[in-house]
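A.B. asks:
Number of protein chains: 2
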Amino acid sequence: MSTSRDWVDLENAALFTDLYQLTMLQAYFMEEMDEPAVFDLFVRRLGKRNYLLACGLETVLEYLEALRFSDEAIAYLRRLGRFDAAFLDYLRDFRFKGDVYAVREGTPVFENEPLVEVVAPIGQAQLVETFLLNQITFQTNLATKAARVRRAAGDRMVADFGMRRMHAADAALKGARAFYVAGLDSTSHVLAGQIYGIPVSGTMAHSYIEAHDSEMEAFRAFSGVFPSTILLVDTYDTIEGVRRVVELARELGDAFRVTGIRLDSGDLGALAREARAVLDEAGLQRVQIVASGSLDEFRIVELLDGGAPIDGFGVGTRMGTVADQPYLDSAYKLAEYAGRPRMKLSSAKSNLPGRKQVYRMFEDDQAAYDVIATHDEPHEGDPLLELVMQGGERTEAGRRGLEEARRYATEAQSRLPERLLALEVASQPYEVRLSNALQRRLDETRASLAAMEG
Amino acid sequence: MSTSRDWVDLENAALFTDLYQLTMLQAYFMEEMDEPAVFDLFVRRLGKRNYLLACGLETVLEYLEALRFSDEAIAYLRRLGRFDAAFLDYLRDFRFKGDVYAVREGTPVFENEPLVEVVAPIGQAQLVETFLLNQITFQTNLATKAARVRRAAGDRMVADFGMRRMHAADAALKGARAFYVAGLDSTSHVLAGQIYGIPVSGTMAHSYIEAHDSEMEAFRAFSGVFPSTILLVDTYDTIEGVRRVVELARELGDAFRVTGIRLDSGDLGALAREARAVLDEAGLQRVQIVASGSLDEFRIVELLDGGAPIDGFGVGTRMGTVADQPYLDSAYKLAEYAGRPRMKLSSAKSNLPGRKQVYRMFEDDQAAYDVIATHDEPHEGDPLLELVMQGGERTEAGRRGLEEARRYATEAQSRLPERLLALEVASQPYEVRLSNALQRRLDETRASLAAMEG
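Sequences listed follow chains D and V, in order.
Residue numbering for the first sequence follows the numbering used here, beginning at 39 and increasing consecutively.
Residue numbering for the second sequence follows the numbering used here, beginning at 39 and increasing consecutively.
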């Protein structure tokens, strides 16, 4: 049975994993290796972004709480013929009992900074890699994209229209939540409205207009059912469509309550100006103009810089698939096992050994630089990683919820330097330093591995 | 409760829709508009592809069968405050009772050809738009991408390693299925293995090596638990890692059963050649080389053209997010209502009115061109659209299943002209004609709409 909080079947999430997690788990079981391990989830390079907006922790914590192997799951693994009977028995009681440290949802993060740090017996920390990467990578990427769209649109209304071309069902659901964290106003996604309490919005499609004998008849009928609505005007001829809205206003007189028109094709800037003129001339200054169709942060800026009188945007596919950067270079790496720092030596895919803390350093209430430090050294600045799960149970900090994430995202971004908030890649990236203690640990771990393995 | 066939909660799928579908549905209800409508799902432009591989029908049919509004869903809609009580009552008994025509999963399709045609009372056909677009767009895009990877790799083994950076949970599940339709050999995704019966594969991660006191010790331990395995050799120094596999072979003698090594970083072509030489010199010709890390069809061709002795590929993020084209320009458009053809006039976003059939014309057993015709005119060639659901019940053709889709994809692609199978965009695209009867209907519909609306 699915939980009431989610739409995917978390009760069967143990098999949402790469097969190699299970083969490694069996090897650890057979070798009796169950010392605590530390794994970090981080993003190696920001690519086209100046910062990322962390998102997805709530999903991860729900998963860790629900994680268990059903009888059906174990029966399937047995049928694969590569797992040991004693190991399959051990899976029956498998639970996640570890500690999780994480940055709050809505936190701006930078390259190599842990978004999540898992401290647990190695098998538990290993198995969950795939789900954690899957959700945090996706949700952080989507929230980051939406923050850019939010920024581009200023204080104009922005609605998420992305679900129809997003990558299958869960993306459209978690994506709507990530967009809301990033500050969008509403979503067209009704199920996201139900599950997360996000405001929903939407009015009519071209098919509704086409199903009627004329556009005018469709406008009359729809505004009869929903007086305060937005009418879609570009099914046949956009400006003719706007004139019909004016005609409807004349017909209805004081009963006319239409709040806006929507343009979904053509030269949105030119059409918005023309539509505005037609509406204004008819005394319909209060009727707003909403634009949609192939929008993203760049197109929105272009429209607004061109003076397009657009009051709101419906943003869909290009934001929902993060078309300019559809994935993040995320990683989940072993940093410590049995009390000893660990790392991969390969220069391009290296990682920072041992447990860590990230400190954000402010000057004049603006983020100046971050320091990644060892987890237990005294350091000034605001620590970003907090304990969100202890022994498999959520802490207070693990229950902040969606509205708080949204509020925090706004606040934390307002404290970033202006150059990072621009849509272009900043010529001077934000600085992430390593503390002396962490640099020392890194050098020592690298040297001892090179000596042993070289 | 989720169904046993899927991992998303199809019992609550009615709210997986854009809000405007529900507002239009209420308007149709209040206007007593319930005549049959025809909607087509098609892709307007192929972008960087020479053809698409249709996929996602199975998910769509499961959804249409399960579609209903739960009490919880109706309670939520009531709380929104914009729906009429009589309409909410009507939703209680809402079921999909329409007919569905579709091309088989695994069919190569081209621009403007209907992948799915829905014939149902307009409210039913309208509501399902969002879910149909969401699943068919995504799964077709993924299957198309994987067909290119399959082509690039020739008969070498290709495993899907994409799940960790795909767009949330459902994408990783449906994607694994789409990859299998397109001919990949296996997936790392255990849940996809359980649900769809796809072969699963995978061995070890760098963390396993790092958790041991040395690479050699890790190799010994893992091959002790899984003798016939693939060892990951690039954690510290790749060629040193290969030498340790040779050392292990000497230690184990006849008990050595390791089947391969995996390279996951660095210059894969050069490392593969060097590794091959080291293995061959030790008499380990039977140990295969598997490569992974930032692969896609272009990189695979580059490696193989460069003579890299690679026997198999693990392909992940770039395929799993379709990084070069993360969405398709798909649409779901009203083509007919109450027996009268309908269309949108806007030139860039137009559609073909009325019910249709697509005929594939062969010359020397090779696809020569397609003809989109009216659904009931006599025409030569192979008809692609078949009735898969009638009155809300699946037909035989609606139960073909995954293995048949995979088989058909191979067969149907083998009958495409060679220029379409190349990875570059063909200078001469495949031709899609309209039949005379359909062209006539298009002209007439456009003229009558222009006269009425112009």
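By construction, the Cβ of each residue, glycine as well, lies at the ideal position given by its N, Cα and C atoms.
Can you pull the chain D residues whose beta carbon is under 8 Å from the beta carbon of Arg87(V), in chain order?
C.D. replies: Here residue 87(V) corresponds to residue number 49 of the second sequence, with the count starting at 1. The contacting residues do not exist; Arg87(V) stays about 16 Å from chain D at best.
A.B. asks: Can you give me the C-alpha to C-alpha distance between Asp251(V) and Gly354(D), rounded to a whole angstrom?
C.D. replies: In the second sequence, residue 251(V) corresponds to position 213, counting from 1. In the first sequence, residue 354(D) corresponds to position 316, counting from 1. The alpha-carbon atoms of Asp251(V) and Gly354(D) are separated by roughly 50 Å.
A.B. asks: Is Ala220(D) helix, strand or coil by DSSP?
C.D. replies: The sequence position of residue 220(D) within the first sequence is 182, counting from 1. Ala220(D) falls in the coil class under three-state DSSP.
A.B. asks: According to DSSP, simplified to helix, strand and coil, what is Lys183(D)?
C.D. replies: As a working mapping, residue 183(D) is identified with position 145 in the first sequence. Three-state DSSP puts Lys183(D) in a helix.
A.B. asks: For Val238(V) and chain D, any beta-carbon pair shorter than 8 Å?
C.D. replies: Taking the first residue of the second sequence as position 1, residue 238(V) is located at position 200. It does: the Cβ of Val238(V) has a partner Cβ on chain D nearer than 8 Å.
A.B. asks: For Tyr139(V), which residues of its own chain have a beta-carbon under 6 Å away from its beta-carbon, when the five flanking residues on both sides are left out?
C.D. replies: Within the second sequence, the letter at position 101 stands for residue 139(V). Cβ within range, chain order: Glu155, Leu423, Leu425.
A.B. asks: Classify Leu322(D) as helix, strand or coil using the three-state DSSP reduction.
C.D. replies: For the purposes of this step, residue 322(D) is identified with residue 284 of the first sequence, where counting begins at 1. Looking at Leu322(D) - three-state DSSP - the assignment turns out to be coil, as it is neither helix nor strand.
A.B. asks: How about Lys394(V) and Ser245(D): are their beta carbons less than 8 Å apart?
C.D. replies: Along the second sequence, one-based indexing puts residue 394(V) at 356. Along the first sequence, one-based indexing puts residue 245(D) at 207. Not closer than 8 Å, so no.
A.B. asks: Listed in chain order, which residues of the stretch 239 to 258 of chain V have Cβ atoms closer than 7 Å to some Cβ of chain A?
C.D. replies: This model lacks chain A altogether; the protein chains it does include are D and V.
A.B. asks: Do the stretch 157 to 175 of chain D and the stretch 77 to 84 of chain D touch if we need at least three Cβ pairs shorter than 8 Å?
C.D. replies: The stretch 157 to 175 of chain D is in contact with the stretch 77 to 84 of chain D.
A.B. asks: With 8 Å as the C-beta to C-beta threshold (strictly closer), list the residues of the stretch 193 to 211 of chain D near chain V in chain order.
C.D. replies: Listed by position, the residues of the stretch 193 to 211 of chain D near chain V (Cβ gap below 8 Å) are Phe199, Met201, Arg202, Arg203, Met204, His205, Ala206, Ala207, Asp208, Ala209, Ala210, Leu211.
A.B. asks: For Val263(D), decide whether its Cβ has a neighbour in chain V, counting only Cβ atoms nearer than 8 Å.
C.D. replies: The residue labelled residue 263(D) in the question sits at position 225 within the first sequence. Yes, Val263(D) lies at the interface with chain V (some Cβ there is under 8 Å from its Cβ).
A.B. asks: Following the continuous beta strand (DSSP E) through Tyr370(D), name the residue where it begins and the one where it ends.
C.D. replies: The residue given as residue 370(D) occupies position 332 in the first sequence. Segment 368 to 375, the beta strand (DSSP E) holding Tyr370(D).
A.B. asks: Kindly give me the distance between the Cβ atoms of Leu57(V) and Gly240(D), rounded to whole angstroms, as I take these residues to be in contact under 8 Å.
C.D. replies: For the purposes of this step, residue 57(V) is taken as residue 19 along the second sequence, with counting starting at 1. For the purposes of this step, residue 240(D) is taken as residue 202 along the first sequence, with counting starting at 1. Sure, about 3 Å apart at Cβ, within 8 Å.
A.B. asks: Consider the Cβ of Val325(D): report whether some Cβ of chain V lies at a distance smaller than 8 Å.
C.D. replies: In the first sequence, the residue the question calls residue 325(D) occupies position 287. Val325(D) does not count as touching chain V.
A.B. asks: DSSP three-state call for Ala469(V): helix, strand or coil?
C.D. replies: For the purposes of this step, residue 469(V) is taken as residue 431 along the second sequence, with counting starting at 1. One point to set straight first is that residue 469(V) is Glu, not Ala, in the sequence displayed. Glu469(V) falls in the strand class under three-state DSSP.
A.B. asks: Quick one: residues in its chain with C-beta nearer than 7 Å to the C-beta of Ile268(D), no 5 flanking neighbours on either side, listed in chain order?
C.D. replies: On the first sequence, position 230 is the one that residue 268(D) refers to. Cβ neighbours of Ile268(D) beyond the five flanking positions: Thr241, Thr297, Gly298, Ile299, Arg300, Val328.
A.B. asks: Apart from the five residues just before and just after Glu96(V), which ones in its own chain have a Cβ nearer than 6 Å to its Cβ?
C.D. replies: Numbered from 1 along the second sequence, position 58 holds the residue referred to as residue 96(V). Answer for Glu96(V): no residue qualifies.
A.B. asks: Within 8 Å (strictly less), CB to CB, does Arg484(V) reach chain D?
C.D. replies: For this step, residue 484(V) is matched to residue 446 along the second sequence. For Arg484(V), the answer is no, since every Cβ of chain D falls outside 8 Å of its Cβ.
A.B. asks: DSSP has Asp414(D) in a bridge; who is on the other side?
C.D. replies: As a working note, residue 414(D) is residue 376 in the first sequence. According to DSSP, which records beta bridges pairwise, Asp414(D) is partnered with nothing at all.
A.B. asks: Using a Cβ-Cβ cut-off of 7 Å (strictly less than) and excluding sequence neighbours within five positions of Val141(D), which residues of its own chain qualify?
C.D. replies: What you label residue 141(D) is simply residue 103 of the first sequence in a count that begins at 1. Around Val141(D): Ala92, Val147, Leu153, Leu422, Leu423.
A.B. asks: In the stretch 126 to 200 of chain D, which residue ranges form an unbroken beta strand (DSSP E) of at least 3 residues, counting only runs that do not cross its ends?
C.D. replies: With a minimum length of 3 residues, the continuous beta strand (DSSP E) runs that stay inside the stretch 126 to 200 of chain D are 137 to 140, 154 to 159, 195 to 198.
A.B. asks: For Glu69(D), tell me which candidate among Gly213(V), Gln177(V), Phe264(V) has the shortest Cα-Cα distance.
C.D. replies: For this step, residue 69(D) is matched to residue 31 along the first sequence. Closest by alpha carbon: Phe264(V).
A.B. asks: Pick helix, strand or coil for Ser356(V), following the three-state DSSP scheme.
C.D. replies: Position 318 of the second sequence, counting from 1, holds the residue named residue 356(V). Note that residue 356(V) is Arg in the sequence shown, not Ser. Three-state result, Arg356(V): helix.
A.B. asks: If you count every other CB in all the chains shown that lies within 10 Å of the CB of Ser452(V), and 16 or more means buried, which is it?
C.D. replies: In the second sequence, residue 452(V) corresponds to position 414, counting from 1. With fewer than 16 other Cβ atoms within 10 Å, it is exposed.
A.B. asks: Counting only beta-carbon separations shorter than 8 Å, does Met427(V) have a partner in chain D?
C.D. replies: Position 389 of the second sequence, counted from the start, is the residue given in the question as residue 427(V). Chain D, which has no Cβ nearer than 8 Å to the Cβ of Met427(V), makes this no.
A.B. asks: Could you check whether the Cβ of Asp481(V) sits closer than 8 Å to any Cβ belonging to chain D?
C.D. replies: Counted from its first residue, the second sequence places residue 481(V) at position 443. No, no contact with chain D.
A.B. asks: From which residue to which residue does the beta strand (DSSP E) around Gln363(D) run?
C.D. replies: As a working mapping, residue 363(D) is identified with position 325 in the first sequence. Gln363(D) -> no beta strand (DSSP E), and no H or E assigned at all.
A.B. asks: For the candidate residues Leu476(D), Val166(D), Ala113(D), Ser108(D), whose alpha-carbon lies nearest to that of Leu63(D)?
C.D. replies: For this step, residue 63(D) is matched to residue 25 along the first sequence. Among Leu476(D), Val166(D), Ala113(D), Ser108(D), the Cα nearest to that of Leu63(D) belongs to Val166(D).
A.B. asks: Kindly indicate the opening and closing residues of the beta strand (DSSP E) around Leu301(V).
C.D. replies: For the purposes of this step, residue 301(V) is taken as the residue at position 263 of the second sequence. Leu301(V) -> beta strand (DSSP E) spans 298 to 301.
A.B. asks: Only counting runs of 3 or more residues, tell me where the beta strand (DSSP E) segments fall wholly within the stretch 216 to 277 of chain D, in order along the chain.
C.D. replies: Complete beta strand (DSSP E) runs here, min 3: 268 to 270.
A.B. asks: Is the distance from the Cβ of Leu461(D) to the Cβ of Val339(D) below 8 Å?
C.D. replies: Counting from one through the first sequence, the residue named residue 461(D) turns up at place 423. Counting from one through the first sequence, the residue named residue 339(D) turns up at place 301. Against a cut-off of 8 Å, the Cβ pair of Val339(D) and Leu461(D) comes out as a contact.
A.B. asks: What does Leu487(V) touch in chain D if you count any residue whose Cβ is under 7 Å from its own?
C.D. replies: Counting from one through the second sequence, the residue named residue 487(V) turns up at place 449. Residues of chain D passing the Cβ test: Tyr274.
A.B. asks: Consult DSSP for Asp420(V) and reduce its assignment to one of helix, strand or coil.
C.D. replies: Here the question's residue 420(V) lines up with position 382 in the second sequence. Note: Asp420(V) maps to strand in three-state DSSP.
A.B. asks: Chain V partners of Lys394(D), CB-CB under 7 Å?
C.D. replies: Numbered from 1 along the first sequence, position 356 holds the residue referred to as residue 394(D). Going along chain V, no residue has its Cβ under 7 Å from Lys394(D), so there is no contact; the nearest lies around 17 Å.
A.B. asks: Pick helix, strand or coil for Ile327(V), following the three-state DSSP scheme.
C.D. replies: The residue given as residue 327(V) occupies position 289 in the second sequence. Three-state result, Ile327(V): strand.
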